[in-house]
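Reading through the structure tokens given below for one structure.
Protein chains in written order, with the UniProt record's numbering: chain E, 1 to 842; chain B, 1 to 842.
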């Protein structure tokens with residue numbers, strides 16, 4: 001089963017395999033890259049990757065088989081493993097793991113159970129409801145003491161609404177199954193804790209859930225020191241592995257499992273596994289020490305960070321622990337003495353190790369849970385800590401509990417400061433929430449303004465893109481180039497709107513001289529890029545620009561005069577007040593000129609390198625060009641040169657907009673999108689719709705659409721109309737996103753009035769209209785109509801096919817469906833055009 | 001939707017419906033009966049029924065629809081509901097609820113969710129892994145604040161082994177879902193808490209899990225004061241019900257549910273439900289008060305029972321609370337001051353009400369959990385209590401935790417005494433187990449001899465029956481007759497071996513002047529009945545007989561001389577030492593004489609009435625005869641008279657065995673079944689089988705088979721051979737239960753050597769044998785063989801079909817499969833016959 005090891009990591013194997021055909025680029029993007037940065041302490045490789053890739057790097061190494069049913073946010077790990085397997089990448093034993101996709105997570109867990117009983121090294125990746133479907137089998141796997149690691153990108157569970165985002169509701173729902181649980185606080189720890197889990201489970205025979213925060217860690221790109229496979233191979237306790245294999249259920253060593261037990265013996269048999277759980281913390285400690293010896297990164301079961309004479313402690317799991325750690329120096333500089341105690345091994349819970357790690361001086365503890373169990377006295381981690389303190393007899397310690405980050409609500413330094421303030425309050429609030437405003441049951445802690453606790457040399461960037469325009473890919477690329485070629489630490493996180501293609505994407509990038517622990521959005525950026533002209537009239541991006549920061553717009557408006565005409569006064573005023581350096585680039589013009597249509601990713605990436613000023617610009621462009629040669633070289637020199645040309649054109653196209661001093665004196669007014677909602681509210685009030693009252697649009701829909709949803713207080717939801725996850729109908733007609741870059745225009749000369757376009761539209765936004773003679777007389781001249789066909793029923797009426805331009809997503813389905821080529825896609829320059837097109841029809 | 005109410009309970013409706021065709025008897029057995037016992041405080045009806053029926057009585061009343069997938073031990077509730085619905089029984093609204101069986105519990109939960117969203121009063125019944133499959137939908141139902149009650153017969157979850165028996169692993173695995181949770185401590189409370197749940201959920205909008213211990217309550221028959229449906233109807237908060245219906249999702253009131261929420265608003269929306277949970281304890285309190293006002297049974301959220309100046313408290317959920325309550329007077333009589341605090345509303349957990357209910361004098365608390373969460377600091381109830389005490393600042397209280405009753409391990413007064421002793425110990429053991437001997441990790445509390453805490457006038461009976469011989473049905477019947485016709489409180493619990501038909505059944509019956517809280521096995525009985533002759537040579541039933549008790553055997557041995565010859569010396573010695581009254585009845589003779597074959601239920605029931613002396617014998621027989629007339633009257637007077645005749649014959653057939661004084665001087669020796677295992681162990685040791693080492697048979701298989709499995713210590717399982725639920729193969733050959741009343745005998749003159757009988761046997765215990773000439777020469781004379789057919793391969797060999805009599809279950813499959821009628825079923829009188837049949841072949 002073991003073969004000679006002559007490779008160090010799956011990516012190396014792949015890179016040396018040579019031509020990989022059409023999938024090469026997709027693969028290249030998905031696989032970890034190498035870079036010539038500083039040497040890793042483990043003699044391993046620093047690679048710029050996300051948490052899922054880090055987890056896959058380790059789990060792929062240590063498994064023989066995986067049963068998967070990918071679910072967000074764990075999918076990339078599962079899919080990557082499948083991809084590597086298909087490409088023949090080998091695990092540490094020199095074998096190619098077999099990855100099987102099942103019919104559901106329940107099936108994946110069942111197959112996993114069977115594979116483990118048969119003596120395999122088997123794993124799976126899951127999250128949320130997927131993990132819940134595995135619960136019955138988890139009891140079996142744990143009850144049968146089968147070594148195993150389940151990798152969970154921890155995510156919210158669907159209750160009043162679905163959320164694909166990170167919190168700990170799912171993992172906390174399996175804490176009773178008998179699985180050990182270990183968690184990661186950083187992307188690096190996604191790698192390290194996965195490794196500790198795989199090493200420890202073999203020795204402990206207790207199965208592990210290794211969890212890492214969904215999206216915040218699973219999808220966050222950072223520099224990770226990855227351990228080579230030959231190193232990992234040497235760390236495996238072969239005696240324990242052989243013992244696992246010797247216990248395999250197979251025809252040559254038959255025995256019975258899954259028996260029925262009666263009341264006489266069930267309890268005794270259950271208690272016979274105690275010793276395994278008793279030993280697990282010590283085994284995990286030893287494996288952490290061994291990983292520490294190899295990598296230089298030392299971990300404890302409970303990791304204390306903060307003053308040794310701390311008066312107060314915050315106990316927290318997951319990425320929030322990093323945020324607390326990052327924020328405490330600021331908090332303590334205000335005269336407090338607060339430390340953070342991060343449990344890494346959550347189950348088995350070692351009260352002894354917890355108490356050992358907690359300084360004797362601590363008098364108050366705030367336990368922060370990233371889950372909510374309605375009806376419980378407190379959340380799970382709180383109950384564990386409060387009971388541990390109760391047992392310890394240290395009756396001078398006050399323990400309070402709170403909730404943070406549900407459904408990935410932002411947890412930032414100001415939240416940590418609020419928790420610290422509460423700890424020092426005379427009467428601290430207990431069972432609080434932090435990060436929101438609860439103006440109904442008043443559980444929330446008051447929040448002050450955001451605090452910047454990052455290293456002064458850290459550069460933060462915010463880039464607003466249009467889903468599918470290539471912005472996110474370009475930013476991933478840029479982050480990797482910078483990460484792989486400098487000593488800088490990097491962090492890239494991407495927020496997508498739920499509309500996906502055609503929705504808003506916001507890239508949050510950080511580059512700094514020290515490891516980045518800011519697992520939250522960039523709220524004030526050194527560089528703000530807006531890759532979509534219409535956004536300038538939709539979102540207040542300048543709110544997120546630092547003083548003296550750089551603002552770059554992709555638009556056709558290259559002069560101050562054009563800006564005066566097209567850029568809203570409020571935006572210009574804010575830029576002036578912030579003393580911003582302002583640039584414009586007409587990216588579409590460049591890309592179209594270079595024959596790339598509307599794919600502006602190369603253009604905007606070049607512009608970013610030039611303006612964001614993260615690393616030496618010339619070196620950066622050289623590296624970028626080299627990357628392009630690597631990626632597209634096999635398509636021929638012409639393609640490479642076209643890209644080079646586009647980069648040069650892009651750089652030439654950057655125009656600085658010298659901010660006139662008098663912009664400061666402008667008076668603000670509503671953005672077009674704000675106005676849109678303002679008008680819609682007026683209309684709703686007039687309509688008195690029974691299904692969509694203005695309150696929903698005013699209190700929730702509009703702020704969410706305008707990217708101000710974070711500020712919505714609890715009271716907006718605490719009414720009969722909405723509580724329990726109800727949402728009114730008829731909200732789409734208010735939304736009017738206007739995301740289509742092109743919309744269908746009808747040629748009424750060709751239209752046969754068959755209505756097929758209307759029936760084909762997935763959004764029901766292209767429709768036939770019948771006009772009375774009076775209406776036809778009053779229509780705008782551009783609104784071309786014809787006599788309606790259809791006999792007596794429509795006699796005297798006029799007919800036209802018309803799209804609702806602000807609802808259309810530009811998918812072209814109608815154009816393709818029209819049997820008579822009566823439709824064509826056309827750009828509309830701005831809202832005036834739209835109005836002239838549709839007149840009073842909408 | 002509401003119709004006039006002119007019925008009081010479903011059973012009344014049914015009873016007045018008249019002829020019900022062939023299913024009448026099954027129905028009659030399943031429906032609650034009425035009796036002329038004392039008036040119920042509620043003006044309701046005292047009925048003798050089990051927990052599932054009590055739950056169904058209430059839930060059927062209060063629902064419009066149920067989605068079910070019956071699972072042990074909740075099945076009777078679901079099946080009864082379906083039966084009532086099929087018979088047209090109406091709920092409190094005068095409608096017939098619709099019951100739908102789904103494809104799995106996941107489907108049942110999904111359909112339930114949909115029905116609730118559509119404004120229905122919907123419910124389900126489940127347990128164990130079934131409940132686990134409902135978890136994803138439970139989050140949805142709770143998140144959407146849909147009023148609902150799930151009735152759960154709490155059961156163990158399959159881990160190292162499957163257990164169908166009661167504990168709280170399943171319900172504790174859903175405590176995080178946002179459901180409220182309420183529990184019953186007695187069969188009466190199964191009824192009362194179900195009612196409180198249904199009333200409270202409508203007002204609270206928080207869904208409820210109403211749970212009751214599997215088997216110990218779900219299958220325990222007691223007298224229950226059932227509330228009439230017209231009373232229940234009046235208790236429903238119609239305003240709340242109408243509000244629920246008004247929130248229904250339907251085409252006339254459309255809205256959206258199940259949306260996707262992003263990090264900006266998910267947390268706030270989740271917190272908007274806080275107020276509902278905050279109000280729930282008060283609502284439940286109010287509904288408990290209203291139920292109390294009607295029934296005279298008053299409940300608290302946390303119910304204290306014990307001295308007001310208690311020094312120590314035991315906190316416990318479920319039927320164990322009743323056992324503690326029953327045992328504490330004895331414990332406190334030894335100089336302790338211990339009380340019991342029983343949480344009824346487990347979620348939402350009201351710390352305030354807990355602390356209010358706990359006497360100020362309490363300094364030590366033992367929290368007893370009926371679940372185990374390996375790797376947790378303590379079990380869930382423990383964590384809740386420890387944290388509550390920690391929060392309260394009452395730092396002079398010591399809280400310890402322990403586990404009881406996993407997989408329905410016996411929890412008896414001696415366990416309560418052990419917990420009390422531990423509470424008073426200088427250094428109490430924490431995180432202990434009670435009820436077993438843990439000689440490996442030493443968590444268990446030491447146990448003394450069993451304590452009898454029942455009322456002195458309570459009569460306890462133990463009856464050993466043969467699965468399918470009618471014993472259990474007869475005992476149910478007897479219990480109902482006594483319960484329905486006397487002021488006595490009754491309790492009947494039935495333990496079945498896993499072999500079901502053909503296995504051992506033990507009926508545990510209690511009759512007493514006060515409500516019975518002994519939710520554990522009868523360990524010392526006033527009356528022990530053995531309905532199967534062979535058991536006298538298998539089990540030490542006399543161990544469970546009280547001094548001066550009555551022992552009755554069904555056997556053909558009607559004289560002291562025959563007893564001397566056939567009844568083991570040890571048994572006779574024990575009877576003499578206990579000064580037992582001993583009786584014999586040849587029940588098979590009576591039943592066969594009356595043309596009832598081997599159905600001895602009527603015979604043994606009559607004998608029980610005569611000998612157990614629970615109520616006036618003559619009245620009892622008259623009532624019994626009346627019951628028979630009611631049950632079989634529709635089959636004609638002849639059938640009735642045959643039964644009457646059988647009763648009279650049975651009473652005449654009772655022979656007292658006057659115990660000779662010298663039986664005391666007999667020396668004990670192994671029973672046949674004990675000898676069997678003794679011999680098997682010797683054989684296994686000689687064989688040195690790789691798959692079944694003697695240790696398993698010695699330490700586990702034999703004690704379990706001999707009904708001594710309760711005494712097996714943890715160490716028997718704590719070895720590599722067995723830990724994690726492994727069981728060796730090849731154990732059936734040791735088992736040799738000998739349960740077949742008749743076995744197949746071959747007529748070798750007719751046998752064609754086709755082997756079809758062998759292939760058809762589900763237990764592989766009838767097989768063809770080939771004998772060499774030497775073997776054939778040495779065979780016993782009864783072992784009839786023929787020249788083997790089959791050509792050269794078997795030339796010179798002899799052939800015979802032979803069953804293994806001790807493995808055969810007497811199912812007759814082989815006899816029916818034989819194409820040539822070569823097999824017939826035949827009685828074998830005893831083990832000697834068997835040996836003569838099989839000779840050295842086995």
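Beta carbons are placed, not taken as given, at the ideal position from N, Cα and C, and that holds for glycine.
Please confirm whether residue 519 of chain E and residue 216 of chain E have their CB atoms less than 8 Å apart.
Against the first chain, residue 519 of chain E aligns to sequence position 519. Against the first chain, residue 216 of chain E aligns to sequence position 216. Contact flag set, yes.
Does the beta carbon of residue 325 of chain E sit closer than 8 Å to a beta carbon anywhere in chain B?
For this step, residue 325 of chain E is matched to residue 325 along the first chain. By this cut-off, residue 325 of chain E is not an interface position.
Beta-carbon separation of residue 651 of chain E and residue 606 of chain E under 8 Å?
Indexing the first chain from 1 puts residue 651 of chain E at position 651. Indexing the first chain from 1 puts residue 606 of chain E at position 606. Yes, they are a contact pair.
From residue 513 of chain B to residue 490 of chain B, what distance separates their C-alpha atoms?
Here residue 513 of chain B corresponds to residue number 513 of the second chain, with the count starting at 1. Here residue 490 of chain B corresponds to residue number 490 of the second chain, with the count starting at 1. Answer to the nearest angstrom: the Cα atoms are 9 Å apart.
Using CA atoms only, rank isn't needed, just tell me which of B/341, B/56, B/354, B/375 is closest to residue 366 of chain B.
In the second chain, counting from the first residue as 1, residue 366 of chain B sits at position 366. The shortest C-alpha separation from residue 366 of chain B is found at B/341.
Mind checking which residues open and close the beta strand (DSSP E) that includes residue 403 of chain E?
Reading the first chain from its first residue, position 403 is the one you call residue 403 of chain E. Counting along the chain, the beta strand (DSSP E) containing residue 403 of chain E begins and ends at 398-404.
Please state if the CB of residue 603 of chain E and the CB of residue 622 of chain E are separated by a distance shorter than 8 Å.
Residue numbering aside, residue 622 of chain E sits at position 622 when the first chain is read from its first letter. Residue numbering aside, residue 603 of chain E sits at position 603 when the first chain is read from its first letter. No; because the gap between Cβ atoms is not below 8 Å, this pair is not in contact.
Please report how far the alpha carbon of residue 809 of chain B lies from the alpha carbon of residue 261 of chain E, in whole angstroms.
Residue numbering aside, residue 809 of chain B sits at position 809 when the second chain is read from its first letter. Residue numbering aside, residue 261 of chain E sits at position 261 when the first chain is read from its first letter. Between residue 809 of chain B and residue 261 of chain E, the C-alpha separation is close to 21 Å.
Taking the beta strand (DSSP E) that residue 96 of chain B falls in, what are its first and last residues?
Here the question's residue 96 of chain B lines up with position 96 in the second chain. Here residue 96 of chain B belongs to no beta strand (DSSP E), and DSSP marks it neither H nor E.
Is there contact between the region 314-324 of chain B and the region 406-416 of chain B, where contact requires at least three CB pairs shorter than 8 Å?
The region 314-324 of chain B vs the region 406-416 of chain B: in contact.
Along the chain, which unbroken stretches of the alpha helix (DSSP H) at least 4 residues long are found entirely within the region 364-428 of chain B?
Correct list: 380-392, 413-424.
Comparing C-alpha positions only, which one of B/616, B/580, B/511 sits nearest to residue 460 of chain B?
By one-based count along the second chain, residue 460 of chain B stands at place 460. Out of B/616, B/580, B/511, B/511 has the C-alpha closest to the C-alpha of residue 460 of chain B.
Touch check for the region 240-259 of chain E and the region 68-80 of chain E: three-plus C-beta pairs under 8 Å?
Output reads no: the region 68-80 of chain E does not touch the region 240-259 of chain E.
Between E/331, E/229, E/433, E/312, which lies nearest to residue 268 of chain B when the distance is taken from Cα to Cα?
For the purposes of this step, residue 268 of chain B is identified with residue 268 of the second chain, where counting begins at 1. Minimum Cα distance to residue 268 of chain B is reached at E/433.
For residue 377 of chain B and chain E, any beta-carbon pair shorter than 8 Å?
Residue 377 of chain B sits at position 377 when you count from the first residue of the second chain. Interface residue, yes.
How far does the beta strand (DSSP E) with residue 515 of chain E in it reach, from first residue to last?
The count along the first chain starts at 1 and reaches residue 515 of chain E at position 515. Unbroken run through residue 515 of chain E: none, as it is neither H nor E.
Would you mind stating whether residue 77 of chain E and residue 151 of chain E have Cβ atoms separated by less than 8 Å?
Sequence index remark: in the first chain, residue 77 of chain E carries index 77 (1-based). Sequence index remark: in the first chain, residue 151 of chain E carries index 151 (1-based). Yes, the pair counts as a contact, with Cβ atoms nearer than the cut-off.
Let me check understanding here. Comparing Cα to Cα, which of E/158, E/339, E/139, E/294 lies closest to residue 196 of chain E?
The residue labelled residue 196 of chain E in the question sits at position 196 within the first chain. It is E/294 whose Cα lies nearest to the Cα of residue 196 of chain E.
If the criterion is Cβ atoms closer than 8 Å, does the pair residue 801 of chain B and residue 620 of chain B meet it?
On the second chain, residue 801 of chain B is found 801 positions in, with the first residue counted as 1. On the second chain, residue 620 of chain B is found 620 positions in, with the first residue counted as 1. Not closer than 8 Å, so no.
Check whether the Cβ of residue 352 of chain E lies closer than 8 Å to any Cβ atom in chain B.
Translated into the one-based positions of the first chain, residue 352 of chain E becomes position 352. With 8 Å as the cut-off, residue 352 of chain E does not count as an interface residue toward chain B.
With a threshold of 8 Å, are at least 3 pairs of Cβ atoms found where one atom belongs to the region 45-57 of chain B and the other to the region 213-229 of chain B?
Yes, since at least three Cβ pairs between the region 45-57 of chain B and the region 213-229 of chain B fall closer than 8 Å, the two stretches touch.
Check distances from the C-beta atoms of the region 251-269 of chain B to those of chain E and list, in chain order, the residues that come in under 9 Å.
Residues passing the 9 Å Cβ filter: 253, 254, 255, 256, 257, 258, 259, 260, 261, 262, 263, 264, 265, 266, 267, 268, 269.
In the DSSP assignment, what are the bridge partners of residue 761 of chain B?
For the purposes of this step, residue 761 of chain B is taken as the residue at position 761 of the second chain. Partner(s): none; residue 761 of chain B has no beta bridge.
Among the residues of its own chain, which have a CB less than 7 Å from the CB of residue 379 of chain E, if the five just before and after it don't count?
If you number the first chain from 1, residue 379 of chain E lands on position 379. Counting only Cβ-Cβ distances below 7 Å, and skipping sequence neighbours, we find 369, 371, 372, 373, 401, 403.
To the nearest angstrom, report how far apart residue 509 of chain B and residue 354 of chain E are at their CA atoms.
By 1-based counting over the second chain, the position of residue 509 of chain B is 509. By 1-based counting over the first chain, the position of residue 354 of chain E is 354. Whole-angstrom Cα-Cα distance: 50 Å.
Could you have a look at residue 103 of chain E and say whether DSSP puts it in helix, strand or coil?
Stepping through the first chain from its first residue, residue 103 of chain E is reached at position 103. DSSP places residue 103 of chain E in coil when its eight states are reduced to three.
Counting Cβ pairs, one atom from each stretch, are 3 or more of them under 8 Å apart for the region 668-675 of chain E and the region 567-583 of chain E?
A contact exists between the region 668-675 of chain E and the region 567-583 of chain E.
Starting from the Cα of residue 345 of chain E, find the closest Cα among E/329, E/756, E/315 and give me that residue.
Indexing the first chain from 1 puts residue 345 of chain E at position 345. Looking at the Cα atoms, E/315 is the closest of the given residues.
What in chain B is Cβ-close to residue 443 of chain E, meaning under 9 Å?
Against the first chain, residue 443 of chain E aligns to sequence position 443. The answer, in chain order, is 271, 274.
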